[in-house]
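Residue numbers (the working numbering): 2 to 173.
The C-beta atom is built at its ideal place from N, Cα and C for all residues, glycine as well.
Heads up: the structure comes next, in structure tokens.
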């Protein structure tokens, strides 16, 4: 099937820095879903983060940023699920390999106040109950880093959805 992409972000060649698509919202997100295709990572330092992050500090792709997100770095084989509330961090190898020719459906779900579920392609890949940031200030973010690259690195976002409160039904 074809994916036309809601948005595509690409870092130009021979640049050093970050590109962040920040969807300016600060709610208590209950569910976040997104379908992405990331380019091949060619250089050391390449990486990306998709999820909810605190953008008040320096944006990094190494897992040091506060938030609830998926990440991948050039030196790693698989996607990682991360919850970080400051000094504490929980990082899980999802067992799902990063492949630049594959569209991934990522889901981050807040099952309860203290439980975050991470899914890739509808398969539960991590459950975190520790180091969950609970204050306001996490923003839906797609970020990438491509420092000093000799070739561009990009991410195509085909689908994005958020649920701010649990779905309820009334039968009046």
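{"Asked": "Taking the alpha-carbon of residue 129 as reference, which of 55, 142, 86 and 79 has the nearest alpha-carbon?", "Found": "86"}
{"Asked": "Just how far apart, CA to CA, sit residue 26 and residue 69?", "Found": "With a pLDDT of 45 at residue 26, under the threshold of 50, the modelled position of this residue cannot be trusted; read the value that follows with caution. So the two alpha carbons sit approximately 15 Å from each other."}
{"Asked": "Taking the alpha carbon of residue 49 as the point to measure from, which residue in 95, 84, 134 and 143 has its own alpha carbon closest?", "Found": "143"}
{"Asked": "In the DSSP assignment, find the beta strand (DSSP E) that holds residue 42 and state where it starts and stops.", "Found": "Looking at the DSSP string, residue 42 is not in any beta strand (DSSP E), and its letter there is neither H nor E."}
{"Asked": "Check residue 103 in the structure and name its three-state DSSP category.", "Found": "coil"}
{"Asked": "Jot down the residue ranges of each uninterrupted alpha helix (DSSP H) in the region 61-102, minimum 4 residues, whole runs only, in chain order.", "Found": "none"}
{"Asked": "Please look up how many angstroms separate the CB atoms of residue 108 and residue 32, rounded, as I've assumed it's under 8 Å.", "Found": "7 Å"}
{"Asked": "Quick check on residue 114: does DSSP put it in helix, strand or coil?", "Found": "coil"}
{"Asked": "Decide if the region 81-98 is in contact with the region 115-123; the criterion is three or more beta carbon pairs, one per stretch, under 8 Å apart.", "Found": "yes"}
{"Asked": "Please state the DSSP three-state secondary structure of residue 1.", "Found": "What is shown of the chain runs 2 to 173, which leaves residue 1 out entirely."}
{"Asked": "Kindly list the residues whose CB is nearer than 6 Å to the CB of residue 102, restricted to its own chain and excluding five residues on each side of it in sequence; keep chain order.", "Found": "none"}
{"Asked": "In angstroms, rounded to a whole number, what distance separates the CA positions of residue 157 and residue 145?", "Found": "11 Å"}
{"Asked": "What first and last residue would you give for the beta strand (DSSP E) that runs through residue 144?", "Found": "140-146"}
{"Asked": "By a C-beta neighbour count over all protein chains shown, 10 Å radius and 16 as the cutoff for buried, is residue 134 buried or exposed?", "Found": "buried"}
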